[in-house]
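S.K.:
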Amino acid sequence: MSNNKRYQVAIVGGGPVGVALAIDLGLRGISCILIERRTEPQRIPKGQNLTQRSVEHFYSWGIAEELRAARVLPPDYPMNGIIAYESLVSDYWYAPPLREIVNAYYFQNNERLPQYLVEIVMRKRMAGLPNVESRFGWSAETIAQDEGGVRVTIATDGRRETVAADYVVGCDGSHSTVRQQIGIERVGANFDQPMVLAVFRSRELNEKLKRFPPRSTYRVMHPDQKGYWQFFGRVDIEESWFFHAPVPADTTRDNYDVHDLLQRAAGFTFACEFDYVGFWDLRIAIAEKYQVGRAFIAGDAAHSHPPYGAYGLNSGLDDVTNLGWKIAATLNGWGGAALLNSYTEERQPVFKDTADDFIEAYIRKDREFFERYSPVRDRAEFERAWNEHSDHAAPRVVTYEPHYEGSPVVFGPPGGVSSAHGSHTFKARAGHHLPPQRLSSGRNVFEELGPEFTLIAFDAEDATVADFQRAAEARGVPLKVIRDTYRDGRTAYEARLMLVRPDRYVAWLSDAAPAHADAVIARAIGAG
Ligand SMILES: Cc1cc2nc3c(=O)[nH]c(=O)nc-3n(C[C@H](O)[C@H](O)[C@H](O)COP(=O)(O)OP(=O)(O)OC[C@H]3O[C@@H](n4cnc5c(N)ncnc54)[C@H](O)[C@@H]3O)c2cc1C
2 MSNNKRYQVA
12 IVGGGPVGVA
22 LAIDLGLRGI
32 SCILIERRTE
42 PQRIPKGQNL
52 TQRSVEHFYS
62 WGIAEELRAA
72 RVLPPDYPMN
82 GIIAYESLVS
92 DYWYAPPLRE
102 IVNAYYFQNN
112 ERLPQYLVEI
122 VMRKRMAGLP
132 NVESRFGWSA
142 ETIAQDEGGV
152 RVTIATDGRR
162 ETVAADYVVG
172 CDGSHSTVRQ
182 QIGIERVGAN
192 FDQPMVLAVF
202 RSRELNEKLK
212 RFPPRSTYRV
222 MHPDQKGYWQ
232 FFGRVDIEES
242 WFFHAPVPAD
252 TTRDNYDVHD
262 LLQRAAGFTF
272 ACEFDYVGFW
282 DLRIAIAEKY
292 QVGRAFIAGD
302 AAHSHPPYGA
312 YGLNSGLDDV
322 TNLGWKIAAT
332 LNGWGGAALL
342 NSYTEERQPV
352 FKDTADDFIE
362 AYIRKDREFF
372 ERYSPVRDRA
382 EFERAWNEHS
392 DHAAPRVVTY
402 EPHYEGSPVV
412 FGPPGGVSSA
422 HGSHTFKARA
432 GHHLPPQRLS
442 SGRNVFEELG
452 PEFTLIAFDA
462 EDATVADFQR
472 AAEARGVPLK
482 VIRDTYRDGR
492 TAYEARLMLV
502 RPDRYVAWLS
512 DAAPAHADAV
522 IARAIGAG
């Protein structure tokens with residue numbers, strides 16, 4: 002049966018990334034249909050660690066307060082963790098500062114809550130958007146496309162429909178049907194390592210961890226584990242936990258004692274009750290491209306990997322906020338011919354770096370560390386090296402700064418390359434996330450940014466601003482202008498003029514008026 006209605010975008014997969022895209026597009030006035038085979042979010046407390054940038058997305062969708070209200074941990078409970086050698090009774094442990102050390106460079110602080118609670122907040126927001134239709138309990142089966150659009154066959158309980166849309170986006174997780182249907186290959190390291198994910202309750206574990214300062218996670222690095230983690234994460238501060246760790250090949254729920262594994266990782270016995278035990282394979286798989294014609298992939302469909310460093314959901318949300326405005330701009334007629342291609346060009350290299358240098362390299366470094374150093378073989382040497390190990394946690398956070406300096410739609414530096422490696426600074430840079438800054442009104446610049454492009458103009462000539470407004474209007478580009486003085490801290494931007502994209506990345510900046518404002522706008526929308 003054919004669904005007679007035609008949508009602008011069909012979204013396959015209503016996990017957190019698919020729902021985020023539906024919100025982002027819905028708020029831009031795009032008609033969407035979201036197809037999700039499950040009726041409820043899976044109650045597995047993964048995806049807990051949300052970056053500052055992710056919370057900025059929630060702010061722009063108008064649900065940052067709802068997100069924070071859904072938090073389970075007490076408001077000031079530390080979100081970072083303990084890293085311990087061998088077990089949780091070890092003398093060797095440290096509590097590194099984690100993501101909060103870069104809070105100042107973002108408009109929102111980082112947050113921690115189970116992914117299913119995040120999804121509930123998002124689903125509620127999506128339900129309030131009249132142009133987004135959701136089909137929970139339906140599965141997408143096939144995708145076909147031609148120059149005029151896409152057709153997605155969907156099914157539930159023996160019923161079948163064909164959905165027609167201008168574009169389709171596969172947010173359907175690591176086994177993505179959309180990715181397979183459009184023939185995108187993946188590259189990456191297969192560690193051939195099965196992992197267990199357990200969700201359990203234990204008050205005794207909570208009591209026995211009181212030797213440590215209060216923390217949200219406890220990562221055990223055992224020399225036998227080849228750099229893989231045995232990881233306890235709190236869901237609340239009383240009794241709820243999740244745990245993941247490597248297990249032998251062919252492990253099943255029936256042939257393996259997961260409780261014994263938990264106790265060995267902890268280094269002490271404790272009683273617990275399991276709510277869930279599941280298995281997955283530790284591998285990194287990155288799609289070689291994120292688009293074929295009118296079909297795109299985002300989130301775990303585009304990149305799946307171990308949860309080390311919490312790059313999964315956060316990267317997926319960055320994918321859809323990069324893609325959402327580009328699809329909307331194209332559908333609304335002001336996106337240029339090169340705009341949609343820039344999604345792969347910007348996001349794929351960022352995730353490739355994330356996987357290679359922030360996930361795989363750290364597994365390798367840890368493996369080498371534990372092969373090389375041992376307190377049994379040489380205690381003094383081990384203690385020196387362990388102190389250095391503790392120094393590595395902060396750089397991983399500080400140097401993780403995804404940027405699009407090599408993008409054809411930003412005015413990056415000559416020879417710029419889009420990458421996950423960067424630095425945090427209050428200076429504005431083309432291709433980078435806009436740092437927050439206080440305006441003379443007392444409001445933050447993020448509270449004033451428009452939903453689409455924004456020109457920030459400090460002490461600018463009226464004629465310069467008018468040139469940009471005329472150029473934007475001629476191309477149908479929605480442009481908000483923020484005018485202010487260039488003082489009181491705003492000099493930290495080191496630029497008087499900045500063109501900020503809808504995803505809060507700087508497309509262009511300068512201290513002086515450009516020769517042609519139209520050339521700036523044209524390139525930023527992929528028409529230059
Ligand atoms: C233990 C653990 C801890 C983690 N911790 C973090 C963390 O701290 N921070 C972080 O950023 N990430 C974390 N992650 C990763 C994060 O959970 C994932 O990256 C995230 O779920 C990806 O979201 P997604 O929407 O892309 O995919 P998914 O969550 O897999 O959602 C895909 C959806 O598509 C649906 N679907 C699939 N096929 C079809 C079809 N054919 N038709 C219709 N629907 C379909 C599925 O039912 C599913 O709901 C963690 C993961 C694990 C396992």
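Under this note's numbering, the first residue of the sequence shown is numbered 2, with each subsequent residue one higher. A virtual CB, placed ideally from N, CA and C, is assigned to each residue, including glycine. Nothing here was measured: the structure is a model prediction, and the numbers come from that model.
(1) Given a cut-off of 8 Å on the beta-carbon distance, is the pair residue 93 and residue 387 in contact?
(2) Can you list, in chain order, the residues of its chain with a C-beta nearer than 8 Å to that of residue 465? Leave out the 5 residues immediately preceding and following it.
(3) Suppose you measure from the CA of residue 71 to the CA of residue 21; what does that come to, to the nearest Å?
(4) Under 7 Å: does the beta carbon of residue 259 sit that close to some heavy atom of ligand 1?
(5) Just to confirm, does residue 49 get its C-beta within under 7 Å of one of the non-hydrogen atoms of ligand 1?
(6) Could you check the C-alpha separation between residue 261 and residue 81 for me, to the nearest Å?
(7) Give every residue of the same chain whose Cβ lies closer than 6 Å to the Cβ of residue 138, excluding the five residues on either side of it in the sequence, and list them in chain order.
(8) Look at residue 73 and residue 276 and say whether their C-beta atoms are less than 8 Å apart.
(9) Going by beta-carbon coordinates alone, are residue 243 and residue 366 separated by less than 8 Å?
(10) Quick check: what's the CA-CA separation for residue 197 versus residue 503?
(11) Nearest by alpha-carbon distance to residue 351: which of 10, 288, 331 and 85 is it?
(12) Does residue 6 come out as helix, strand or coil in the three-state DSSP assignment?
(13) Using a Cβ-Cβ cutoff of less than 6 Å, which residues in the same chain neighbour residue 306 once the five nearest sequence positions on both sides are dropped?
(14) Please give the ranges of any beta strand (DSSP E) in the stretch 224-303, keeping only runs that are unbroken, at least 3 residues long and fully inside the region.
(15) Which runs of the alpha helix (DSSP H) spanning at least 4 residues fall entirely within the stretch 7-43, listed in chain order?
(16) Assuming residue 64 and residue 172 are in contact, meaning their beta carbons sit under 8 Å apart, how far apart are those beta carbons, in whole angstroms?
(17) Using a threshold of 7 Å, is the CB atom of residue 526 nearer than that to any non-hydrogen atom of ligand 1?
(18) When burial is assigned at 16 or more other CB atoms within 10 Å of the CB, is residue 104 buried or exposed?
(19) Check the DSSP bridge columns for residue 141 and list the partner residues they point to.
(20) Quick one: what's got a C-beta closer than 6 Å to residue 152's C-beta in the same chain, skipping five residues either side?
(21) Which one of 181, 50, 294 and 263 has the shortest CA to CA distance from residue 150?
(22) Can the beta-carbon of residue 192 be found less than 8 Å from the beta-carbon of residue 283?
(23) Go ahead and pull the three-state DSSP assignment for residue 390.
M.R.: Taking the definition as stated:
(1) Numbered from its first residue, the sequence shown carries residue 93 at position 92. Numbered from its first residue, the sequence shown carries residue 387 at position 386. Contact flag set, yes.
(2) Here residue 465 corresponds to residue number 464 of the sequence shown, with the count starting at 1. Taking residue 465 as the centre and dropping the five residues before and after it, the same chain places the C-beta of 458, 498, 514 and 518 closer than 8 Å to its C-beta, in chain order.
(3) Reading the sequence shown from its first residue, position 70 is the one you call residue 71. Reading the sequence shown from its first residue, position 20 is the one you call residue 21. The alpha-carbon atoms of residue 71 and residue 21 are separated by roughly 17 Å.
(4) Numbered from 1 along the sequence shown, position 258 holds the residue referred to as residue 259. Residue 259 has its CB no nearer than 7 Å to any heavy atom of ligand 1.
(5) Residue mapping note: residue 49 aligns to position 48 of the sequence shown, counting from 1. Correct: residue 49 has its Cβ closer than 7 Å to ligand 1.
(6) Against the sequence shown, residue 261 aligns to sequence position 260. Against the sequence shown, residue 81 aligns to sequence position 80. So the two alpha carbons sit approximately 26 Å from each other.
(7) Along the sequence shown, one-based indexing puts residue 138 at 137. Shown here for residue 138: same chain residues with a beta carbon closer than 6 Å to its own, the five before and five after excluded, namely 40 and 157 in chain order.
(8) Counted from its first residue, the sequence shown places residue 73 at position 72. Counted from its first residue, the sequence shown places residue 276 at position 275. Annotated as distal: residue 73 and residue 276, with beta-carbon spacing of 8 Å or more.
(9) Your numbering for residue 243 matches position 242 in the sequence shown. Your numbering for residue 366 matches position 365 in the sequence shown. In this structure, residue 243 keeps its C-beta atom at 8 Å or more from the C-beta atom of residue 366.
(10) As a first step, residue 197 is located in the sequence shown; it is residue number 196 there, counting from the start. As a first step, residue 503 is located in the sequence shown; it is residue number 502 there, counting from the start. Cα to Cα, residue 197 sits roughly 39 Å from residue 503.
(11) Your numbering for residue 351 matches position 350 in the sequence shown. 288 is the residue among 10, 288, 331 and 85 whose C-alpha sits nearest the C-alpha of residue 351.
(12) As a first step, residue 6 is located in the sequence shown; it is residue number 5 there, counting from the start. It is a strand residue.
(13) For the purposes of this step, residue 306 is identified with residue 305 of the sequence shown, where counting begins at 1. Once the five neighbours on either side are set aside, the close Cβ partners of residue 306 are 285, 356 and 360.
(14) Entirely contained in the stretch 224-303, the beta strand (DSSP E) runs reaching 3 residues are, in chain order, 231-235, 241-247, 274-284, 286-288 and 296-298.
(15) With a minimum length of 4 residues, the continuous alpha helix (DSSP H) runs that stay inside the stretch 7-43 are 17-28.
(16) Numbered from its first residue, the sequence shown carries residue 64 at position 63. Numbered from its first residue, the sequence shown carries residue 172 at position 171. Not a contact, Cβ separation roughly 18 Å.
(17) Residue numbering aside, residue 526 sits at position 525 when the sequence shown is read from its first letter. Residue 526: no, Cβ never under 7 Å from ligand 1.
(18) As a working note, residue 104 is residue 103 in the sequence shown. Its Cβ having fewer than 16 others within 10 Å, residue 104 is exposed.
(19) Position 140 of the sequence shown, counted from the first residue, corresponds to residue 141. According to DSSP, residue 141 bridges with 155.
(20) Numbered from its first residue, the sequence shown carries residue 152 at position 151. So the list reads 145, 163 and 165, once near-sequence residues are dropped.
(21) Translated into the one-based positions of the sequence shown, residue 150 becomes position 149. Here the closest residue by C-alpha is 294.
(22) Position 191 of the sequence shown holds residue 192. Position 282 of the sequence shown holds residue 283. Yes; because the gap between Cβ atoms is below 8 Å, this pair is in contact.
(23) As a working mapping, residue 390 is identified with position 389 in the sequence shown. It is helical.
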